[in-house]
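Undergrad:
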Amino acid sequence: MRTLLPHDERQDVTLRPAATAKVWLGVGQEHETVAVPGVGLGHGDVLIAIELSTICGSDVHTVQGHRQVPTPLVLGHESVGRVIAIGEGGTTAADGAPLRIGDRVVWSVTVSCGTCDRCTAGLTQKCRTLAKYGHERIGPRWELTGGFASHVHLRAGTTIVRVPEALPAAVLAPASCATATAWAAVVRGVGGRSLEGKRVLVYGAGLVGISAVAIAADEGAEVTVVDPSPSRRAFAERFGGTAAAAASGPSDLVIEASGHAVADAIAAADIGGTVVLVGSVFPAEPVPFDAESAVRRMLTVTGVHNYTGADLAAAVGFLAGRGRAYPFADVVGAVHPLDEVDAALAAAEAPGAPLRVALSPR
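Be aware that the sequence shown starts at 106, since it is given in my numbering, and climbs by one per residue.
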């Protein structure tokens with residue numbers, strides 16, 4: 106985590122009523138409510154009043170104890186909200202125009218310095234001094250670190266994207282994780298080539314998977330999505346793909362978005378094909394790799410973790426444009442009050458749960 110500016114270099118913002126954050130203390134413990142009566146904004150920082158947050162699968166994995174995180178922390182990294190305060194010096198949105206009070210926005214999960222070797226190489230999501238919303242231990246002067254709260258304190262180095270007033274919050278909140286990650290996966294797999302008429306195979310009909318289906322189908326690809334769940338397969342077909350219980354035939358581009366079918370994904374790629382691994386974000390058994398087969402098929406196997414600010418801006422552009430043809434608003438099931446965060450997390454991990462459960466602080 107970066108060092109915050111000294112108190113006398115920060116702009117104090119008093120909140121009446123106080124902001125509230127739901128703080129997770131550890132496995133098996135209920136969230137506690139923390140009142141935050143004010144924040145200190147550094148140069149380029151932004152304070153957001155959250156409109157809606159959605160529960161990502163990684164949030165569920167955390168509370169189940171499958172991910173190591175520092176506690177106490179405020180979970181949540183898929184949100185949409187409105188700018189209510191800006192630190193000294195102001196800041197710009199992803200489009201280069203000054204950000205203003207009242208702007209409706211989404212923001213990147215990562216805070217990046219922009220100057221280290223990784224950032225200058227285009228790997229801002231792997232910044233040497235990276236911080237991530239919903240993943241950081243809360244501390245003095247930076248308590249509002251995640252989306253399961255009424256407000257979030259965005260640090261300088263966060264990509265902030267303005268969003269249309271008319272686009273539903275249920276569409277926009279997941280953009281800052283699932284949709285942007287799917288966009289990054291497709292872009293990485295395409296490598297600047299056209300998808301028109303190409304065979305694309307997506308493993309996993311979760312939100313990343315179906316977002317990748319819609320993005321690829323919209324670019325003219327013939328998309329098949331594989332998932333063991335009949336209900337998810339049926340839902341995925343509404344996003345422009347053909348659903349199946351298993352793959353049939355080789356594909357030009359394979360996106361593994363489940364984390365459970367890595368070997369199958371590599372086996373399904375055609376000669377000269379590309380395999381993008383995006384779902385393997387939790388511990389799993391090692392996967393056997395047939396190097397000879399990969400060499401003879403001249404495969405490209407690559408990984409995508411999170412995304413860049415440009416990916417987030419492009420994903421929002423898709424959702425606001427041609428993506429309106431797909432039922433992204435339907436991915437969110439029940440919307441729970443923020444005070445019911447533990448019930449919402451239980452609903453998100455229940456069998457047959459919708460792709461996203463949401464939290465509203467209002």
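Glycine included, each C-beta is placed from N, C-alpha and C at the ideal position. The model shown is predicted, which means the values in this text are computed figures rather than measured ones.
Quick check: the region 164-180 against the region 228-245, are there 3 or more CB pairs under 8 Å?
TA: The region 164-180, when compared against the region 228-245, does touch it at the 8 Å Cβ threshold.
Undergrad: Give me, in chain order, the residues of the same chain whose beta-carbon lies closer than 6 Å to that of Glu327; leave out the 5 immediate sequence neighbours on both sides.
TA: Hits under 6 Å: Arg304.
Undergrad: Taking only runs of the beta strand (DSSP E) that begin and end inside the region 187-263, which ones reach a length of at least 3 residues, in chain order?
TA: Listed in chain order, the complete beta strand (DSSP E) runs (minimum 3 residues) inside the region 187-263 are 209-216, 256-259.
Undergrad: For Gln173, is the classification buried or exposed, using 16 other Cβ atoms within 10 angstroms of its Cβ as the cut-off for buried?
TA: By the neighbour-count rule (16 or more Cβ atoms within 10 Å), Gln173 is not buried but exposed.
Undergrad: Excluding sequence positions up to five away, which residues of its chain have a Cβ less than 6 Å from the Cβ of Thr176?
TA: Excluding sequence neighbours, Thr176 sits near Leu130, Gly131.
Undergrad: Please check the pair Val437 and Ala463, which I expect to be a contact at CB under 8 Å, by giving their CB distance rounded to whole angstroms.
TA: Sure, about 5 Å apart at Cβ, within 8 Å.
Undergrad: Let me check understanding here. Comparing Cα to Cα, which of Pro269, Val295, Ala123 lies closest to Ala418?
TA: The shortest C-alpha separation from Ala418 is found at Pro269.
Undergrad: Suppose the cutoff is 6 Å on Cβ atoms and the five residues either side in sequence are ignored; what does the same chain contact list for Ala455 look like?
TA: Closer than 6 Å at the Cβ level, and outside the excluded window around Ala455, lies no residue.
Undergrad: Exposed or buried, what is Asp113 when buried is set at 16 or more other beta-carbons lying within 10 Å of its beta-carbon?
TA: Note that Asp113 scores a pLDDT of 49, beneath 50, so its modelled location is shaky and nothing firm can be said.
Undergrad: Return helix, strand or coil for Ser363, following the three-state DSSP convention.
TA: Looking at Ser363 - three-state DSSP - the assignment turns out to be coil, as it is neither helix nor strand.
Undergrad: Exposed or buried, what is Phe387 when buried is set at 16 or more other beta-carbons lying within 10 Å of its beta-carbon?
TA: By the 10 Å Cβ count, Phe387 comes out exposed.
Undergrad: Can you give the beta carbon distance from Arg427 to Asp323, rounded, assuming they're within the 8 Å contact cut?
TA: Contact holds; Cβ gap of about 5 Å.
Undergrad: If we count the other Cβ atoms within 10 Å of its Cβ and call it buried at 16 or more, is His258 buried or exposed?
TA: Counting Cβ neighbours within 10 Å, His258 comes out buried, since at least 16 surround it.
Undergrad: Out of Ser465, Gly414, Ala449, Gly378, state which residue places its alpha-carbon closest to the alpha-carbon of Ser217.
TA: When each option's Cα is compared against that of Ser217, the closest is Gly414.
Undergrad: On the CB-based measure, 16 or more other CB atoms within 10 Å of its CB, does Thr197 come out buried or exposed?
TA: By the 10 Å Cβ count, Thr197 comes out exposed.
Undergrad: What does the alpha-carbon distance come out to for the pair Leu460 and Thr284?
TA: Spanning the two alpha carbons is a distance of roughly 13 Å.
Undergrad: Can you tell me which of Ser336, Arg343, Ala396, Val406 puts its alpha carbon nearest to the alpha carbon of Ala370?
TA: Out of Ser336, Arg343, Ala396, Val406, Val406 has the C-alpha closest to the C-alpha of Ala370.
Undergrad: Mapping the DSSP letters down to three states, classify Ala351 as helix, strand or coil.
TA: Note: Ala351 maps to coil in three-state DSSP.
Undergrad: Going by DSSP in three states, Val409 sits in which element: helix, strand or coil?
TA: It is coil, neither helix nor strand.
Undergrad: From which residue to which residue does the alpha helix (DSSP H) around Gly422 run?
TA: Note, Gly422: alpha helix (DSSP H), 414-425.
Undergrad: Write down every uninterrupted run of the beta strand (DSSP E) in the region 130-179 whose length is 3 residues or greater and which is fully enclosed by it, in chain order.
TA: Entirely contained in the region 130-179, the beta strand (DSSP E) runs reaching 3 residues are, in chain order, 137-146, 151-159.
Undergrad: The alpha helix (DSSP H) spanning Ala434 covers which residue range?
TA: Counting along the chain, Ala434 falls outside any alpha helix (DSSP H), and DSSP gives it neither H nor E.
Undergrad: For Gly133, which option in Leu450, Gly457, Arg467, Val185 has the closest C-alpha, if you only look at C-alpha atoms?
TA: Nearest C-alpha to Gly133: Leu450.
Undergrad: I need the boundaries of the beta strand (DSSP E) containing Glu327, first residue and last residue.
TA: Unbroken beta strand (DSSP E) run through Glu327: 327-331.
Undergrad: Could you say if the region 300-317 and the region 269-278 meet the contact criterion of at least three C-beta pairs nearer than 8 Å?
TA: Result no; under three Cβ-Cβ pairs closer than 8 Å.
Undergrad: Does the Cβ-Cβ distance between Val144 and Glu137 come in under 7 Å?
TA: No. Outside cutoff.
Undergrad: Can you grab the Cα-Cα spacing for the pair Val380 / Val118, in whole Å?
TA: Cα-Cα distance, rounded: 47 Å.
Undergrad: Measuring straight from C-alpha to C-alpha, what distance separates Val318 and Leu152?
TA: Their backbone Cα atoms lie some 34 Å apart in a straight line.
Undergrad: If I measure Cβ to Cβ from His171 and keep anything under 7 Å in the same chain, skipping five residues before and after, which residues do I get?
TA: Phe387, listed in sequence order.
Undergrad: If we ignore side chains and look at the alpha-carbon of each, how far apart do Val440 and Leu180 end up?
TA: Straight-line Cα distance between these residues: approximately 17 Å.
Undergrad: Measure the alpha-carbon distance for Cys221 versus Trp247 and round it to whole angstroms.
TA: Distance between the alpha carbons of Cys221 and Trp247: 23 Å.
Undergrad: Can you give the beta carbon distance from Val211 to Ser281, rounded, assuming they're within the 8 Å contact cut?
TA: Contact flag correct, Cβ pair sits at about 5 Å.
Undergrad: Please state the DSSP three-state secondary structure of Ala368.
TA: Three-state DSSP puts Ala368 in a helix.
Undergrad: Return helix, strand or coil for Ser334, following the three-state DSSP convention.
TA: Reduced to three states, the DSSP call for Ser334 is coil.
Undergrad: Using the three-state DSSP reduction, which class does Met106 fall into: helix, strand or coil?
TA: Low local confidence applies: a pLDDT of 40 at Met106 is under 50, so the model's placement there is unreliable, with the coordinate-based value given in what follows. In the structure shown, Met106 sits in coil (DSSP, three-state: anything other than H, G, I, E or B).
Undergrad: What residue range does the beta strand (DSSP E) around Arg121 cover?
TA: From DSSP, the beta strand (DSSP E) with Arg121 extends over 116-128.
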